[in-house]
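Numbering (the numbering used here), first residue to last: 8 to 148. Yeah, the Cβ is synthetic: ideal placement off N, Cα and C, and Gly gets one too. Here the structure is a predicted model, which means the values were calculated and not measured. Data first, discussion second: the structure below is written as structure tokens.
This is the structure:
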């Protein structure tokens with residue numbers, strides 16, 4: 008009897024540990040992905056200054072971190088009415104109901120980063136406030 012009780016206790020401890028560690032969907036761990044803002048020395052057009060990848064595909068509840076390895080400052084700003092972009096900055100606007108995000112009007116420079124967790128499925132278009140040719144998208148499923 009004590010042997011069976013011991014096995015049951017071990018199973019409970021293992022399963023509890025797996026849940027606490029986030030090994031079951033919907034618990035504990037948040038997926039992560041990365042993107043970059045870059046330039047090749049001069050940020051004058053999309054050929055030498057942009058986001059990479061241009062399209063990033065992730066699942067819901069993924070935290071995306073953009074890092075700059077650029078010599079200039081950039082922003083990561085959602086193409087939403089909240090941010091009031093021009094049509095040059097955002098050729099396509101985000102669908103209503105998707106969250107807005109913005110790394111801030113002052114931007115971030117070389118070695119700095121900005122993170123955002125996407126909790127709702129959809130296609131999120133974004134741009135750089137300082138360089139209107141810099142736009143990309145995150146597809147969340």
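Three-way DSSP call (helix, strand, coil) for residue 79 in this model: coil
If contacts are defined as beta-carbon pairs under 8 Å, then residue 58 and residue 80 qualify, I think. What distance do you get, rounded to the angstrom? With a Cβ gap of about 14 Å, residue 58 and residue 80 do not count as contacting.
Alpha-carbon to alpha-carbon, residue 143 and residue 60: 8 Å
Taking just the CA atoms, how far does residue 48 sit from residue 125? 31 Å
So residue 69 and residue 44 are in contact, right, with Cβ under 8 Å, and what is the actual spacing, rounded? The Cβ separation is near 19 Å, so there is no contact.
Locate the beta strand (DSSP E) running through residue 146, then write down its first and last residues. 142-147
Could you check the C-alpha separation between residue 123 and residue 108 for me, to the nearest Å? 7 Å
Ignore the nearest five residues each way along the sequence and tell me which others in residue 94's own chain have a CB closer than 6 Å to its CB. none
Who are the Cβ neighbours of residue 139 in its own chain at under 8 Å, not counting the five residues just before and after it? 93, 95, 96
Please list, in chain order, all residues of the same chain as residue 119 whose beta carbon is under 8 Å from its beta carbon, the five residues on each side excluded. 74, 75
State the Cα-Cα distance for the pair residue 50 and residue 56, rounded to the nearest angstrom. 5 Å
Same chain, Cβ closer than 8 Å to residue 71, five either side skipped, listed in chain order: 39, 40, 41, 42, 63, 65, 122, 123, 124, 125, 145
So residue 56 is in the beta strand (DSSP E); what residue range does that whole segment cover? 56-59
Could you check the C-alpha separation between residue 32 and residue 104 for me, to the nearest Å? Because the pLDDT at residue 32 is just 48, under 50, the model does not fix this residue reliably, and the value given afterwards should be weighed accordingly. Each residue's Cα considered, the two are about 25 Å apart.
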